Amino acid sequence: MVQFVLRRLLYLVPVWIGISLVAFLLANLAPGDPARLALQRALGRQPTGAETAAAREQMGLNDSPPVQYLNWLGNALTGDLGLSYRTGKPVLESLVERFPTTLQIAGGGLLLAIAIAIPLGVLAAVYRRGPIDHLSRVVALLGASMPSYWVAYLLILLFSVRLGMLPVAGSQTWQHAVMPALTLGIGGSASLMRLTRSEMLETLGQDYIRTARAKGLHSRTLLVRHALRNTMIPISTVLGMRFAGMLGGAVIVETIFSWPGIGKLVVDAIFDRDYPMIQGFVIFMGTAFLLINLIVDIGYGLIDPRIRLARR
Amino acid sequence: MSISHRGIDRRQLMLATGAAGIAVAIGKSTSAQEASSGSVRVGVSEDGYRTDERANIGFFPLNTNIFESLVYLTPDYQIEPLLAESWEFVEPSTWRLKLREGVSFHDGTPFNAEAVKYTMDRIASNGGGVMGIGEESAVIVDDSTIEITPTYVNMRMMEQIGHPNNSILPPGLNPAESRNGTGPFREVEYVAADHYTVEANPEYWGESGAGVGEITFQFYADPTARLLALQAGDVDLIVDVPRQSASEVEAAGATLVSGPVGAYEAMYMNIHGVEPYDLGQDIAVREAVSIAIDRQQVIDSAWQGNAEPGTTMIPPAILGDSASLVSAPEFDPERAREVLEAAGWVEGEGGVREKDGRALNLTIINGYGTAADHGSVPELIQAQLGDIGIDLEIIQTPDTATYEQRLGLGEGDLWLEAGSQNDGNPAFLPELLFRSPEEGGEPEATAYGRAFATGEEFDTTITRSREATDIAEVQEAAAEAMNIVINEERVVTPLCGFYRIIGHTDAVASFDLHASGVNQRWTSLTLAE
Numbered sequence: 185m186v187q188f189v190l191r192r193l194l195y196l197v198p199v200w201i202g203i204s205l206v207a208f209l210l211a212n213l214a215p216g217d218p219a220r221l222a223l224q225r226a227l228g229r230q231p232t233g234a235e236t237a238a239a240r241e242q243m244g245l246n247d248s249p250p251v252q253y254l255n256w257l258g259n260a261l262t263g264d265l266g267l268s269y270r271t272g273k274p275v276l277e278s279l280v281e282r283f284p285t286t287l288q289i290a291g292g293g294l295l296l297a298i299a300i301a302i303p304l305g306v307l308a309a310v311y312r313r314g315p316i317d318h319l320s321r322v323v324a325l326l327g328a329s330m331p332s333y334w335v336a337y338l339l340i341l342l343f344s345v346r347l348g349m350l351p352v353a354g355s356q357t358w359q360h361a362v363m364p365a366l367t368l369g370i371g372g373s374a375s376l377m378r379l380t381r382s383e384m385l386e387t388l389g390q391d392y393i394r395t396a397r398a399k400g401l402h403s404r405t406l407l408v409r410h411a412l413r414n415t416m417i418p419i420s421t422v423l424g425m426r427f428a429g430m431l432g433g434a435v436i437v438e439t440i441f442s443w444p445g446i447g448k449l450v451v452d453a454i455f456d457r458d459y460p461m462i463q464g465f466v467i468f469m470g471t472a473f474l475l476i477n478l479i480v481d482i483g484y485g486l487i488d489p490r491i492r493l494a495r496r
Numbered sequence: 024m025s026i027s028h029r030g031i032d033r034r035q036l037m038l039a040t041g042a043a044g045i046a047v048a049i050g051k052s053t054s055a056q057e058a059s060s061g062s063v064r065v066g067v068s069e070d071g072y073r074t075d076e077r078a079n080i081g082f083f084p085l086n087t088n089i090f091e092s093l094v095y096l097t098p099d100y101q102i103e104p105l106l107a108e109s110w111e112f113v114e115p116s117t118w119r120l121k122l123r124e125g126v127s128f129h130d131g132t133p134f135n136a137e138a139v140k141y142t143m144d145r146i147a148s149n150g151g152g153v154m155g156i157g158e159e160s161a162v163i164v165d166d167s168t169i170e171i172t173p174t175y176v177n178m179r180m181m182e183q184i185g186h187p188n189n190s191i192l193p194p195g196l197n198p199a200e201s202r203n204g205t206g207p208f209r210e211v212e213y214v215a216a217d218h219y220t221v222e223a224n225p226e227y228w229g230e231s232g233a234g235v236g237e238i239t240f241q242f243y244a245d246p247t248a249r250l251l252a253l254q255a256g257d258v259d260l261i262v263d264v265p266r267q268s269a270s271e272v273e274a275a276g277a278t279l280v281s282g283p284v285g286a287y288e289a290m291y292m293n294i295h296g297v298e299p300y301d302l303g304q305d306i307a308v309r310e311a312v313s314i315a316i317d318r319q320q321v322i323d324s325a326w327q328g329n330a331e332p333g334t335t336m337i338p339p340a341i342l343g344d345s346a347s348l349v350s351a352p353e354f355d356p357e358r359a360r361e362v363l364e365a366a367g368w369v370e371g372e373g374g375v376r377e378k379d380g381r382a383l384n385l386t387i388i389n390g391y392g393t394a395a396d397h398g399s400v401p402e403l404i405q406a407q408l409g410d411i412g413i414d415l416e417i418i419q420t421p422d423t424a425t426y427e428q429r430l431g432l433g434e435g436d437l438w439l440e441a442g443s444q445n446d447g448n449p450a451f452l453p454e455l456l457f458r459s460p461e462e463g464g465e466p467e468a469t470a471y472g473r474a475f476a477t478g479e480e481f482d483t484t485i486t487r488s489r490e491a492t493d494i495a496e497v498q499e500a501a502a503e504a505m506n507i508v509i510n511e512e513r514v515v516t517p518l519c520g521f522y523r524i525i526g527h528t529d530a531v532a533s534f535d536l537h538a539s540g541v542n543q544r545w546t547s548l549t550l551a552e
């Protein structure tokens, strides 16, 4: 197991280099001078040519692109991801500062998606073509077809404007996290519910389930221990992917709820051609993505002992 | 040559002309500081502060009135004394400023020439800006007198220096670490990306200090969320209500207030393009475009009536009495068709005009400030130009940088822009956009000039505006220059004049809205009893 984990962690190095190089090339291909954009934002006016030239020199933008990348890579290997052109703060500090806030709503959203999708998916499979199945289909259809910004505004109208229960936006209290997490959770639950249903249906049709049922196994035990456990492998794969997506792609939700997360940070960085922040973000998210997948892989072994044995 | 401005203390003048009566009428004592109580929550747009060595926390883009500039830009774009009481120009290129005495920063540090020098040196270390402040520019004459000599002869320095970005800091202050100004409010708490709280400064030097005890500015990146926050009662006032949804403020029982015009939307035509973007070289096409646009329809349809027909590409108020010298071409589609016919553009297949086998196809580039800033305006223009036989392709750039790159390459016929005026210099924008490009000139001016410059007449006129000593002459020359590009050369088609819109609940009694958001004074904000 340790070897397996170490080997997977080693994969990070080529992945880091690959994704940071792609991010660097893409950012450099986009039109616009990062120095000028950063100054424009800082000064509230168009910078003069002299100001832009001084800033370019200070940012190291007068070096050739390969030199710029290698300089960045050399520093990154020592843990220094550079300074953001946009804010002037160290990139790593900004990412570490923002990541937990995104983690809060993404984690909440994921838990909510699990809480809605799995029970409803299981029940829909067990009571196939029954009222619960139809209800789950409607819920899944709504969840999949409503864009996140629409869900966010509906939640604000309900919980803030009508009921006065939650603040519209901000990040100072736990109440501020409720609606962003709900928005992410509702969006995430639709496909998960359909997946749970279809996987459960397939599992429930297996011979060993029929055998267990014939042996008189209690239906709850049958469902939870035997059927659901076997459906958890594809579900946990999707959960891992969805969670990673929530971490990096919650930008609309973060904007509407003024939630200072990592998604908003990187979108602002893209508009401002903030190369160090963009590269720092891809490294950070690439790492998070691989770690989540690693956890999911380890989880496979816990869910299904056959996978653990095969690895040995 | 020597010009001077002896500043009248408008606050003293107000007192002398019956400010006591006004104060009683609004339920305040004449000493605003004594009456400052209560707190207000204000919904503003997203936190745009920097936190590095160029930190602008507290003064731009959300000006929380912790800091003050040397002069104040009035809502009608005239300048008045603030921390500078008076100023004069001394040949050949120096401005001598007499500073207000008896003013202190919030921590008790006296405001004096040393503070102004520190601020000017800081501006110089960041590049000097449009004012041309160099390392040697600021020279202390005595404690309350300073001389500023920009790196070029800058006759417009006093109109530029009032921008909040040039607010005066006490010597040694790094705004990234602490905020300490001379303003009517002082900092309580700044939580990045969430909120900024200020309280009334009881020691404020001016008579018209804060009208409320505390203001919390809550940042909302999303304008719709800001509007919903007002409806939910999370905030008492929101600024910059989206034009398209302004009616929802009143529908929710709140009060809608609009201010004077401080921003614009205009369309510029590339008159130096190469094929396929060379049709703007034909004056008949330019004239037809300029009179085919129905501004009122643009305002009613795209902005739900929340704008004024534009007459120039800057707020008319900045031109003072000369504003009446500029007017936008009148909407006359019939005449537009005649102009095109006379120039040989005859109706072809599908209603699109043709000349010598070439169809009258134009391209409009939408992306400045952002494409979203223009709502449905490009589509309306497309429909209106279609009515006179011009086919218009709309290209939307994803961001300003892409727009500017395209402009630099001259790839487009019409360019849709929106912007705001935040200082008192009427010559700045016309000169930036329409002056003939110079060898080694500023990159941005060069890009605009290559597309839009009309030639010597404009250059001479705008130079006269920039170099004039008398502000009325500055305004008159700027108006003449705009007439050249709008009505003679038809390079500019003004569309809309934008005013700011706020919404507030019954908790707010009064608030004087400034045309320029960054120059907003929050002292006028008072609470209902």
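Respectively, the protein sequence lines represent chains R and L. Under the working numbering, read the first sequence as residues 185 to 496, first letter to last. Under the working numbering, read the second sequence as residues 24 to 552, first letter to last. Quick reminder that beta carbons are idealized off the backbone N, C-alpha and C, glycines included. Just so you know, these numbers come straight off a predicted model, no measurement behind them.
inquiry  = Does chain R have any CB closer than 7 Å to the CB of L/Gln428?
reply    = Your numbering for residue 428 of chain L matches position 405 in the second sequence. Judged by the 7 Å Cβ criterion, L/Gln428 is in contact with chain R.
request  = List in chain order: all unbroken alpha helix (DSSP H) runs of 4+ residues lying wholly within the segment 369-430 of chain L.
outcome  = 400-410
message = I'd like to check one pair, R/Phe455 with R/Leu279: are the Cβ atoms closer than 7 Å?
response = In the first sequence, counting from the first residue as 1, residue 279 of chain R sits at position 95. In the first sequence, counting from the first residue as 1, residue 455 of chain R sits at position 271. The answer is no: Cβ separation not under 7 Å.
query = At what residues does the alpha helix (DSSP H) containing R/Pro460 begin and finish?
reply = As a first step, residue 460 of chain R is located in the first sequence; it is residue number 276 there, counting from the start. Segment 459-487, the alpha helix (DSSP H) holding R/Pro460.
request  = Closer than 8 Å by beta-carbon distance: list the chain R residues that pair up with L/Thr425, in chain order.
outcome  = For this step, residue 425 of chain L is matched to residue 402 along the second sequence. The answer, in chain order, is Ala214, Pro215, Gly216.
ask   = Between the segment 444-473 of chain R and chain L, which residues of the former have CB atoms less than 8 Å from a CB of the latter, in chain order?
value = Answer in chain order: Pro444, Lys448, Phe455, Arg457.
task = Throw me the rounded Cβ distance for the L/Val264 and L/Val258 pair, which I believe falls under 8 Å.
result = What you label residue 264 of chain L is simply residue 241 of the second sequence in a count that begins at 1. What you label residue 258 of chain L is simply residue 235 of the second sequence in a count that begins at 1. The pair is not a contact, with the Cβ atoms about 12 Å apart (cut-off 8 Å).
query = Just the Cα atoms here: how many angstroms apart are L/Val47 and L/Val531?
reply = As a position in the second sequence, residue 47 of chain L is number 24, starting the count at 1. As a position in the second sequence, residue 531 of chain L is number 508, starting the count at 1. Per-residue confidence for L/Val47 stands at a pLDDT of 33, beneath the threshold of 50, marking its modelled position as unreliable; the derived number appears in the next sentence. Near 17 Å, if we compare the C-alpha coordinates of L/Val531 and L/Val47.
Beta-carbon neighbours of R/Leu227, restricted to chain L and to distances below 9 Å = Looking up residue 227 of chain R in the first sequence gives position 43. Correct list: Arg77, Asn79, Phe83, Asn149, Gly150, Gly152, Asn188.
task = Give the C-beta separation of R/Leu304 and R/Ser320 to the nearest angstrom, bearing in mind that I take them to be a contact with Cβ-Cβ under 8 Å.
result = For the purposes of this step, residue 304 of chain R is identified with residue 120 of the first sequence, where counting begins at 1. For the purposes of this step, residue 320 of chain R is identified with residue 136 of the first sequence, where counting begins at 1. 5 Å between Cβ atoms; contact.
key: Interface partners of L/Glu467 on chain R, CB under 7 Å   = For the purposes of this step, residue 467 of chain L is taken as residue 444 along the second sequence, with counting starting at 1. Those within 7 Å of L/Glu467 in chain R are Gln230.
inquiry  = At the level of alpha carbons, what is the spacing between L/Ala351 and L/Met290?
reply    = Taking the first residue of the second sequence as 1, we reach residue 351 of chain L at position 328. Taking the first residue of the second sequence as 1, we reach residue 290 of chain L at position 267. Each residue's alpha carbon lies about 12 Å from the other.
task = Closer than 6 Å by C-beta to R/Leu478: which residues in its own chain qualify, once you throw out the five before and the five after it? Chain order, please.
result = Counting from 1 along the first sequence, the entry for residue 478 of chain R is found at position 294. Within the same chain, R/Leu478 has close Cβ partners Arg192.
task = Going by DSSP, name the residue or residues bridged to L/Gln241.
result = Along the second sequence, one-based indexing puts residue 241 of chain L at 218. BP columns for L/Gln241 point to L/Gly66, L/His218.
ask   = Where do the N-terminal and C-terminal ends of the beta strand (DSSP E) with L/His527 fall, by residue?
value = In the second sequence, the residue the question calls residue 527 of chain L occupies position 504. Looking at the DSSP string, the run of the beta strand (DSSP E) that includes L/His527 is 515-527.
query = Any residues in the segment 89-112 of chain L with a beta carbon nearer than 7 Å to a beta carbon of chain R? Which ones, in chain order?
reply = none
key: Below-7 Å beta-carbon distance, L/Ser54 vs any chain R residue   = Locating residue 54 of chain L in the second sequence gives position 31, counting from the first residue. Low local confidence applies: a pLDDT of 41 at L/Ser54 is under 50, so the model's placement there is unreliable, with the coordinate-based value given in what follows. Taking Cβ atoms only, chain R never reaches closer than 7 Å to L/Ser54, which makes this a no.
query = Quick one: is R/Val251 buried, meaning 16 or more other Cβ sit within 10 Å of its Cβ, or exposed?
reply = Position 67 of the first sequence holds residue 251 of chain R. It counts as exposed.
Close Cβ partners of L/Ser539 (< 7 Å) along its chain, the five nearest in sequence each way excluded = Counting from one through the second sequence, the residue named residue 539 of chain L turns up at place 516. Closer than 7 Å at the Cβ level, and outside the excluded window around L/Ser539, lie Leu96, Gly285, Ser443, Gln444, Asn445.
ask   = At a Cβ threshold of 7 Å, is L/Phe242 touching chain R?
value = Numbered from 1 along the second sequence, position 219 holds the residue referred to as residue 242 of chain L. Chain R contact via Cβ: present.
ask   = Can you find a CB in chain L that lies within less than 7 Å of the CB of R/Pro351?
value = Taking the first residue of the first sequence as 1, we reach residue 351 of chain R at position 167. Yes, its Cβ sits closer than 7 Å to a Cβ of chain L.
ask   = I think L/Thr87 touches L/Gly81, with their Cβ atoms under 8 Å apart; what is that distance to the nearest whole Å?
value = Position 64 of the second sequence, counted from the first residue, corresponds to residue 87 of chain L. Position 58 of the second sequence, counted from the first residue, corresponds to residue 81 of chain L. Correct: roughly 5 Å between the Cβ atoms.
query = From L/Ala311 to L/Asp99, what does the alpha carbon distance come to, in whole angstroms?
reply = If you number the second sequence from 1, residue 311 of chain L lands on position 288. If you number the second sequence from 1, residue 99 of chain L lands on position 76. In this structure, the straight-line span from the alpha carbon of L/Ala311 to that of L/Asp99 is close to 33 Å.
inquiry  = For R/Leu474 and L/Ile171, I'd like the C-alpha separation in whole angstroms.
reply    = By 1-based counting over the first sequence, the position of residue 474 of chain R is 290. By 1-based counting over the second sequence, the position of residue 171 of chain L is 148. When only Cα atoms are considered, R/Leu474 and L/Ile171 end up about 58 Å apart.
key: Beta-carbon spacing of L/Gly412, L/Glu370 below 7 Å   = For the purposes of this step, residue 412 of chain L is taken as the residue at position 389 of the second sequence. For the purposes of this step, residue 370 of chain L is taken as the residue at position 347 of the second sequence. For L/Gly412 and L/Glu370, yes; Cβs fall inside 7 Å.
inquiry  = Under DSSP, the alpha helix (DSSP H) around R/Gly291 begins and ends at which residues?
reply    = One-based indexing of the first sequence puts residue 291 of chain R at position 107. Per DSSP, R/Gly291 belongs to the alpha helix (DSSP H) from 275-310.
Short-range partners of chain L found in the segment 264-281 of chain R, where Cβ spacing is below 7 Å = Thr271, Gly272, Lys273
task = Identify every residue that forms a DSSP beta bridge with L/Asp165.
result = In the second sequence, counting from the first residue as 1, residue 165 of chain L sits at position 142. L/Asp165 is bridged by DSSP to L/Thr168.
inquiry  = Rounded to whole angstroms, what is the Cα-Cα separation between R/Leu376 and R/Met384?
reply    = Taking the first residue of the first sequence as 1, we reach residue 376 of chain R at position 192. Taking the first residue of the first sequence as 1, we reach residue 384 of chain R at position 200. If I take the Cα positions, the gap works out to 12 Å.
query = Are L/Leu260 and L/His527 close, meaning C-beta to C-beta below 7 Å?
reply = Here residue 260 of chain L is taken as the residue at index 237 of the second sequence, counted from 1. Here residue 527 of chain L is taken as the residue at index 504 of the second sequence, counted from 1. Yes.
request  = Could you tell me if L/Glu438 is buried or exposed, where buried requires 16 or more neighbouring beta carbons within 10 angstroms of its beta carbon?
outcome  = Residue 438 of chain L sits at position 415 when you count from the first residue of the second sequence. Glu is not the amino acid found at residue 438 of chain L; the sequence shown has Trp there. L/Trp438 comes out buried.
query = Under a three-way DSSP split, which group does L/Ser281 fall into?
reply = Taking the second sequence and counting its residues from 1, the one referred to as residue 281 of chain L is at position 258. If DSSP states are grouped into helix, strand and coil, L/Ser281 belongs with the strands.
ask   = Any idea what DSSP makes of L/Ala441, helix, strand or coil?
value = The count along the second sequence starts at 1 and reaches residue 441 of chain L at position 418. Residue state, collapsed to three classes: strand.
ask   = For L/Arg73, which residues in chain R fall below 7 Å Cβ to Cβ?
value = Against the second sequence, residue 73 of chain L aligns to sequence position 50. Here the neighbours are Ala226, Thr271, Gly272.
key: beta-carbon L/Glu237 near the ligand GTP non-hydrogen atom, thresh 6 Å   = With respect to the ligand GTP, the structure offers nothing, as it holds no ligand at all.
Beta-carbon neighbours of L/Ala365, restricted to chain R and to distances below 9 Å = Stepping through the second sequence from its first residue, residue 365 of chain L is reached at position 342. Near L/Ala365 there are no residues of chain R at all, since even the closest Cβ is about 40 Å away, more than 9 Å.
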